[in-house]
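The structure under discussion appears below in the form of C-alpha cells.
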Amino acid sequence: MIIADLVIRSGKVVSSDSVIAASVAIKDGLVIAVGDDSAMPQATETLDARGLHVLPGAIDVHVHFRDPGYPHKEDFASGTAAAAFGGVTTVFDMPNTIPPTGTPDALAAKHRIAAEKAHVDFGLYGLLGEDTIEHVPEMAKSVIGFKLYMGNTFGKIPTPSTGGMLEAFEVVAPTGKRVSLHAETNSIMERRETRMRQAGRIDPLAHIASRPAVVAVEAVSRAATLAEWTGARIHILHISSAEELRPLREAKARGVEITGETCPHYVLLSIEDYARFAGVIRVNPPVREARNQQPIWNALADGTIDVIATDHAPHSPEEKTRNDIWTVDCGFPGVETQMPLMLTEVNAGRFNISDYVRWSAANPAKIWGLYPRKGVIAPGAEADIAIVDLIREWTIDDAKLQSLSKITPFHRRRVKGMPIHTLVRGRFVMKDRTLLPGTRGWGRPVHAIQNLPAPHLRNIDQTMKMIVRVGETVRPRESVA
Ligand code: DOR
Ligand code: ZN
153 MIIADLVIRS GKVVSSDSVI AASVAIKDGL VIAVGDDSAM PQATETLDAR
203 GLHVLPGAID VHVHFRDPGY PHKEDFASGT AAAAFGGVTT VFDMPNTIPP
253 TGTPDALAAK HRIAAEKAHV DFGLYGLLGE DTIEHVPEMA KSVIGFKLYM
303 GNTFGKIPTP STGGMLEAFE VVAPTGKRVS LHAETNSIME RRETRMRQAG
353 RIDPLAHIAS RPAVVAVEAV SRAATLAEWT GARIHILHIS SAEELRPLRE
403 AKARGVEITG ETCPHYVLLS IEDYARFAGV IRVNPPVREA RNQQPIWNAL
453 ADGTIDVIAT DHAPHSPEEK TRNDIWTVDC GFPGVETQMP LMLTEVNAGR
503 FNISDYVRWS AANPAKIWGL YPRKGVIAPG AEADIAIVDL IREWTIDDAK
553 LQSLSKITPF HRRRVKGMPI HTLVRGRFVM KDRTLLPGTR GWGRPVHAIQ
603 NLPAPHLRNI DQTMKMIVRV GETVRPRESV A
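Rendered as C-alpha cells:
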C-alpha cells in the first residue's frame with residue numbers, strides 16, 4: 153500500500169483550463185494523485201485546504217538576484233525567500249551580475265552560489281553579447297536560456313550591433329535554447345538622453361521622454377527579423393507599450409518562434425504615478441501612459457503576450473531616492489508581490505484564475521521546455537504548489553518584504569489574495585507565512601530537464617478531471633522539447 157508524504161485536502165485545484173474541488177497526494181516530491189478526497193491514499197501528513205486555492209507555483213522567468221556582485225541589493229537566499237512568499241517556485245535569474253554570467257566559469261560559479269542558497273528551483277541565463285558568442289556551446293549545457301541586451305540598463309552590459317546579434321542568433325539557434333531580449337534600441341535612447349541632459353532635465357519624467365515606445369517597436373521588429381532568418385527562438389521581455397504589440401503579433405502570424413512577457417507594473421501603474429513615486433518608479437523600459445494598459449491586458453487575453461513575469465530588480469533605498477533621475481538605479485522588487493497583485497485582478501473580474509495560471513506557470517513551463525514536469529498539478533508532475541487564500545485582503549508593506557530591497561511602487565497598495573503556503577518539489581518552503589528553516593539550498597537547477605526527447609504526450613490537463621487510481625505507479629513526467 154502506498155503511503156503518501158502529504159495530502160493537501162479538499163482545496164480548489166487550479167489548472168490553466170479548470171478549477172476542480174480536489175485533494176492532491178504527494179510522494180517523493182511528485183504529485184501522485186489528484187481527485188476526490190475519498191480516493192486519496194493514507195498520508196504521513198495532511199493539510200486542510202478547505203476554502204483555499206491550490207495553484208501550480210508561479211515560474212518567474214525574469215528576476216535579478218544580484219549574486220554575485222551586489223550583496224547589499226539581494227542575494228540568492230533573500231531573493232528566493234521573497235519568491236517563496238510570493239508563491240513562486242521557480243525563478244530564472246538574469247546575467248547582469250558581477251561578473252556577468254557570460255563565460256562557463258562565471259556560470260559555474262553562479263550555479264554553486266545558487267545551489268547553496270536557493271529556497272526555490274532556479275534556472276540561470278547566460279549572457280549573449282558579441283564577446284560571449286564563443287562560449288555559447290559550452291554555456292548551453294547549463295543555462296535555461298540566453299539573455300541579450302539590445303539596450304543599456306543596469307549593469308552597463310554592452311549592446312551588440314545588429315551584425316553581432318545575427319551571429320549570436322545563428323550560434324544559439326541549433327542549441328534550441330531561447331534568447332530573451334531586452335528589446336529597447338540603444339542608439340535612439342542614447343541620443344534622447346543626451347538631449348534631455350543638455351536641456352538640464354533631471355526630473356523623473358525625463359526618463360520616459362528618453363525612451364519613447366519607438367525604441368521597443370524598432371527593437372522587437374529587428375529581433376523578429378533576425379529570429380525569422382536564423383530560426384532562433386526568442387522571447388520579448390517586459391512589454392510596456394501598445395505599439396510594440398504590432399510587430400509581435402505580425403511575427404507570430406508569420407510563424408516566428410517568438411513569445412512575449414509583461415510585468416505587473418506595466419498594467420497597474422502609469423505615468424500618473426511618477427509624481428508620487430519619483431525615482432522609485434524608474435525602470436527600464438519605463439512605466440508608460442495609462443492608455444497602454446488595456447491593449448496589454450487584451451494581448452494577454454488573446455495570447456499575443458504569453459507570460460507574466462516581474463523583472464524583480466532590487467536596489468537600496470538610497471539608490472532609488474536620488475534627486476537626479478539619471479543617477480537613480482532602475483527597477484524594483486516584484487517576485488513577492490506579483491501573485492497578490494494579479495489575484496486582486498482575478499477578484500475584480502478582469503480575468504479568471506485559470507488565465508492567471510496559464511500566464512504565470514503553464515506557459516512559462518511550456519515555453520522553456522519544463523512542461524508537464526512543472527507548470528501543472530497532475531500525477532507525475534513535480535509538486536511545486538502555491539496554496540492561496542483568494543479572499544484574504546491585505547496591504548502591501550515594503551518594510552515586510554523578504555527582499556533586501558524594501559522599496560517598491562506597490563507600497564501601501566490594497567490587494568486581495570495571499571499565498572499562505574508554498575511547496576517546492578513536495579516540501580514546504582513557506583508555511584503559514586513563515587520561511588521554513590532548513591530550506592536554504594533546497595532549490596535545484598532546472599536547465600537539465602530542458603529539451604529532453606519528447607515522450608509520448610498525453611493531454612495532461614485531462615488528468616485533472618479524473619481520479620487517479622491509488623496504487624498506480626507514477627513515473628516522473630519528462631519535459632518536452
Ligand atoms: O529597470 C531595470 N532594471 N530594467 C532592466 O532591464 C534591468 C534591471 C536591473 O538589473 O536593475
Ligand atoms: Zn530585467
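Sequential numbering from 153 applies to the sequence shown in the working numbering. Ideal placement from N, C-alpha and C gives every residue a C-beta, glycine not left out. Please read these numbers as outputs of a predicted model, since none were measured by experiment.
DSSP places Ser332 in no alpha helix (DSSP H) but in the uninterrupted beta strand (DSSP E) bounded by Arg330 to His334.
Check the Cα spacing between Met153 and each of Gln194, Val171 and Ser175: the tightest is with Gln194.
For Ala368, the enclosing alpha helix (DSSP H) has its first and last residue at Val366 to Thr382. For Gln194, the uninterrupted beta strand (DSSP E) run begins and ends at Gln194 to Asp200, by DSSP. Taking all protein chains shown into account, Gln490 has 16 or more neighbouring C-beta atoms within 10 Å of its C-beta and is therefore buried. Between the beta-carbon of Ala233 and that of Leu587 there is about 5 angstroms, and that keeps the pair under the 8 angstroms contact cut.
In the structure shown, the three-state DSSP call for Leu495 is helix. Remark: the C-beta of Asn304 is outside contact range of ligand 1, defined as less than 6 angstroms to any heavy atom. A residue is called buried when at least 16 other Cβ atoms come within 10 angstroms of its Cβ; Pro416 meets this threshold and is buried. Ligand 1 never approaches Gly297 closely enough for any of its heavy atoms to be under 6 angstroms from the residue's Cβ.
His224 has its CB no nearer than 6 angstroms to any heavy atom of ligand 1. Judged by their CB atoms, Thr456 and Leu397 are nearer to each other than the 7 angstroms cut-off. In the DSSP secondary-structure assignment, Asp245 is bridged to Val215 and Leu276. Closest option to His205, judged by alpha-carbon separation, among Pro447, Gly278, Pro524 and Val165: Val165. Counting only residues of its own chain and dropping the five nearest sequence neighbours on each side, His224 has a CB closer than 8 angstroms to the CB of Ser468 and Leu556.
Secondary structure note for His417: its alpha helix (DSSP H) is the uninterrupted segment Pro416 to Leu420. When the beta-carbon positions are compared, Arg330 and Gly297 come within less than 7 angstroms of each other.
Taking Gly316 as the centre and dropping the five residues before and after it, the same chain places the C-beta of Glu282 closer than 7 angstroms to its C-beta, in chain order. Secondary-structure assignment with DSSP links His263 through no beta bridge to anything. At a Cβ-Cβ threshold of 7 angstroms, Met192 and His216 do not count as neighbours.
Counting other Cβ atoms within 10 Å of its Cβ, Asn338 reaches 16 or more and is therefore classed as buried. Thr346 sits in a helix when the DSSP states are folded into three classes. Inclusion of Gln554 and Phe237 in the CB contact set at 7 angstroms is warranted, their separation being smaller than that value. Around the beta carbon of Glu197, fewer than 16 other beta carbons sit within 10 angstroms, so the residue counts as exposed.
Not one heavy atom of ligand 2 is found less than 6 angstroms from the C-beta of Asp245. The straight-line gap separating the alpha-carbon atoms of Ala365 and Ala358 is approximately 14 angstroms. The beta-carbon separation of Thr574 and Gly209, rounded to 6 angstroms, stays under the 8 angstroms limit for a contact. Here the stretch 417-431 makes contact with the stretch 459-475; the two share three or more CB pairs at distances below 8 angstroms. About 19 angstroms separates the CB atoms of Pro356 and Gly303; that is not less than 8 angstroms, and the two are not in contact. Distance from Pro256 to Glu286 at the Cβ level is roughly 10 angstroms; contact not present, criterion being Cβ atoms closer than 8 angstroms.
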